[in-house]
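First residue of the sequence shown? That's 3 in the working numbering, and the numbers climb one at a time after it. For every residue, glycine included, the Cβ atom is placed at its ideal position computed from N, Cα and C. Heads up, the thing below is written out as structure tokens.
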Amino acid sequence: MARLIFLGPPGAGKGTQAQVLAQHFGIPHISTGDILRSAVAQQTELGRKAQSYMDQGELVPDQLIIDLVRERLQEDDVTPGWILDGFPRTVAQAAFLDELLKEIHQSYDYVVNFDVPDDILIVRLLNRGRKDDTEEVVKNRLEVYRKQTAPLINFYQERNQLVSVDGDRSVEDVTTHLGQLIKA
Ligand code: AMP
């Protein structure tokens with residue numbers, strides 16, 4: 003059983019590590035970015051509402067994300083645990099998550115902060131070549147991260163719920179470190 007929240011800037015390797023660990027633990031990797039991209043591809047109502055924000059590197063309004071996470075965390079496959087990747091991204095989302103988890107009688111084990119210097123993030127994001135990874139959008143996403151998401155580091159630190167990993171290492175090294183943290 004593991005319930006983990008992955009926090010960190012875009013390009014920090016949250017998604018890559020979440021995929022590896024989710025497979026290892028046999029739990030779902032819940033990426034709000036992936037869910038939104040799939041909604042955009044399928045042109046659902048959620049996708050239509052989210053697309054312009056995503057294209058500009060802005061955050062999608064909290065309420066859309068909150069509704070999505072409320073549904074996702076009550077599906078059958080989450081019983082053995084989950085990894086949240088890219089959520090919460092604002093203090094309001096984190097407060098909502100606390101409330102939701104109380105309501106559905108779940109709690110998380112760790113909030114993992116992935117630490118990577120900005121210059122490395124920019125190189126990684128520009129090399130990734132996703133639609134929202136153009137230089138202008140990448141810069142905006144990092145700024146949005148700093149303003150809206152980075153305050154969550156304090157939010158969780160003050161509650162003694164944060165562990166940090168140095169994400170500026172090979173995928174294998176980060177996975178090993180994460181494995182040690184989670185076992186400890
Ligand atoms: P990601 O794949 O996590 O980098 O997310 C891609 C884009 O989806 C972000 O730039 C946002 O526009 C949107 N997004 C994903 N997760 C969230 C969230 N928790 N809150 C608001 N917007 C989000």
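Where residue i falls, given that 16 or more other Cβ within 10 Å makes a residue buried
i: Gly-28; result: exposed
i: Asp-79; result: exposed
i: Gln-19; result: buried
i: Ala-14; result: buried
i: Ile-85; result: buried
i: Gln-95; result: buried
i: Met-56; result: buried
i: Pro-119; result: exposed
i: Pro-153; result: exposed
i: His-107; result: exposed
i: Pro-63; result: exposed
i: Ala-97; result: exposed
Cβ-Cβ separation, residue j to residue i (assumed contact under 8 Å), whole Å
i: Asn-142; j: Gly-59; result: 4 Å
i: Arg-91; j: Thr-151; result: 5 Å
i: Phe-116; j: Gly-49; result: Not really, about 27 Å apart at Cβ, beyond 8 Å.
i: Arg-130; j: Leu-102; result: Going by Cβ atoms, the distance from Arg-130 to Leu-102 rounds to 31 Å, so no, they are not a contact pair.
i: Gly-83; j: Ser-33; result: No, Gly-83 and Ser-33 are not in contact; Cβ-Cβ is about 15 Å, not under 8 Å.
i: Leu-128; j: Asp-135; result: 6 Å
i: Asp-100; j: Arg-5; result: 13 Å between Cβ atoms; not a contact.
i: Leu-180; j: Val-114; result: 7 Å
i: Ile-122; j: Val-140; result: With 8 Å as the limit, Ile-122 and Val-140 do not qualify as a contact, their Cβ atoms being about 12 Å apart.
Chain B contact for residue i (CB, 7 Å cutoff)
i: Arg-132; result: Of the protein chains in the structure, only one exists, and it is not chain B.
Residues bridged to residue i (per DSSP)
i: Ser-167; result: Per the sequence presented here, residue 167 reads as Val, with Ser not at that position. Looking at the DSSP assignment, Val-167 forms a beta bridge with Phe-116.
i: Ile-7; result: Leu-86, Val-113
Can you list, in chain order, the stretches of the alpha helix (DSSP H) that have 4 or more residues and sit fully within the segment 72-109?
-> Segments of the alpha helix (DSSP H) lying fully in the segment 72-109: 93-105.
Scan the segment 13-70 and note each continuous alpha helix (DSSP H) run of 4 residues or more that stays entirely inside, going in chain order.
-> Listed in chain order, they are 16-27, 34-43, 47-58.
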